[in-house]
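Following the UniProt record's numbering, the numbering of the sequence shown begins with 1 at its first residue and continues without gaps.
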Amino acid sequence: AEAEQEDEEAFELLGREEGLKARAAQHKRQEAQHAEEKRQLEREKAAHARALKRAQLEGQSRFSKASERFLNGRYFLTRLLGRGGFSEVWAARDLKDPEGGLREVAVKVHQLNSAWSEDRKESYIKHATREYTIHSAIDHPRVVRLWDVFEISSSAFATVLEFCAGPDLDHHLAAHQTIAEREAKSIIVQVLQGLRYLNTPSGEGPDRRQGIIHYDLKPGNILFDDRGEVKITDFGLSKIVEEEAEGTSMDLTSQGAGTYWYLPPECFQMGDRPPRISSKVDVWSVGVIFFQMLYGRRPFGEGQAPQQLLHSGALLRAGGEALAFPARPPVSEEGKAFVRLCLARAAADRPTVRELCRHPYLS
């Protein structure tokens, strides 16, 4: 009888312990739910703030009145998507869509500042013309298409681009902080598809397209379409590679340009002659972006202003043994090895884009 009573007491104690565990698990689930609800509210708050900012900018635009929004006898601007230093990007409808519909497009309006000197205006136009020339020859499903270019006035012109309904990767990361490894890898594979096309010369004779180094690959230049698929954009800093050989390098003639967090050490090396660059610049950018998707922060220079980052010398020391992986979230050793390869400090130790596309981690 005494043994039976002890068994009953032990079972009663076990039941209480399990009850406490159940309550603790429930409390943990509620905490996680509340944390997710808080994050969702923060995302909605940020989205409302962006929408309010866009509405304010739209009201300040030269195209704030509907009567001013019909451009080139073809494009009707519907809503402002964003504004940079000297340009605005609008969603628009193509009223002369060759397929007979009302295709939605993105119209980027470039405005020359009346206070600029003639030399600066000429330089801006030359830069924009170069970007258009590079972009107009590109036709690949992983790259935003350039459809048209036209003059608005003596001080303004526009380029018409494929419209991407989704956010860019920068906004996606701002909303979600991190991306699960499998999804992040899928994004990288799609980016590399686009880069492989860009880096590879194609065609013959007058239709020949030379290889291109993007040189400004970053989350803000990776867009998503309405199906969630990746599109690369912005060729303002792209470099034309004259030779055909894989891994061919060229002189960097615009040292100091680009987004510093995403450029490799060779872009900042000083000397008697410009540093040599190749498609391995884009490989480094891929490594930084992959790291940022996995861990919610950049591997180098996080929290530093661009000029501070440049003058501290940190960019020359980035990569290699300076690369450290956070403990969480968990990432496979194969994924970490892939990032390390992309972020090899010496360009000679880094694969080309085409070599990286063949990496077993991606298959």
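All C-beta atoms in this analysis are idealised placements derived from N, C-alpha and C, irrespective of residue type, glycine included.
Small disclaimer: the values here were computed from a predicted structure and weren't measured.
A Cβ-Cβ separation of about 5 Å places residue 209 in contact with residue 203 under the 8 Å criterion.
Excluding residues up to 5 positions away in sequence, 87, 89, 158, 159 and 161 lie with their Cβ nearer than 7 Å to the Cβ of residue 108 in the same chain. Using a Cβ-Cβ distance cut-off of 8 Å, the stretch 342 to 352 and the stretch 279 to 295 are in contact, since at least three pairs of beta carbons, one from each stretch, lie closer than that value. Secondary structure in the stretch 257 to 305: the alpha helix (DSSP H) runs of 4 residues or longer, each lying completely within the stretch, are 280 to 295 in chain order. As the crow flies, the alpha-carbon of residue 188 is around 58 Å from that of residue 9.
Minimum Cα-Cα distance from residue 114 among the listed residues 223, 153, 136 and 94 corresponds to 153. Within the stretch 45 to 89, the complete beta strand (DSSP E) segments of 3 residues or longer fall at 75 to 83, listed in chain order.
In the pairwise beta carbon analysis, the stretch 68 to 75 is classified as touching the stretch 90 to 99: at least three pairs are separated by under 8 Å. According to the DSSP secondary-structure assignment, residue 156 is paired through a beta bridge with 111 and 153. Partner residues in the beta bridge of residue 211, as assigned by DSSP, are 241.
Residue environment: residue 102 is assigned as exposed (fewer than 16 neighbouring CB atoms within 10 Å of its CB, all protein chains considered). Nearest neighbour of residue 227 by Cα position, chosen from 65, 164 and 183, turns out to be 164.
Minimum Cα-Cα distance from residue 348 among the listed residues 315, 266 and 335 corresponds to 266.
Across the structure, residue 186 and residue 193 are spaced so that their CA atoms are roughly 11 Å apart. Looking at the backbone, the Cα of residue 237 and that of residue 275 are separated by about 16 Å. Residue 186 sits in a helix when the DSSP states are folded into three classes. According to the DSSP assignment, residue 232 belongs to no alpha helix (DSSP H) but to the beta strand (DSSP E) extending over 230 to 232. Between residue 138 and residue 191, the C-beta gap is not smaller than 8 Å, which leaves the two residues out of contact. DSSP places residue 163 outside any alpha helix (DSSP H), giving it a letter other than H or E. Using a 10 angstroms sphere on the CB of residue 198, the tally of other CB atoms reaches 16 or more, which defines it as buried.
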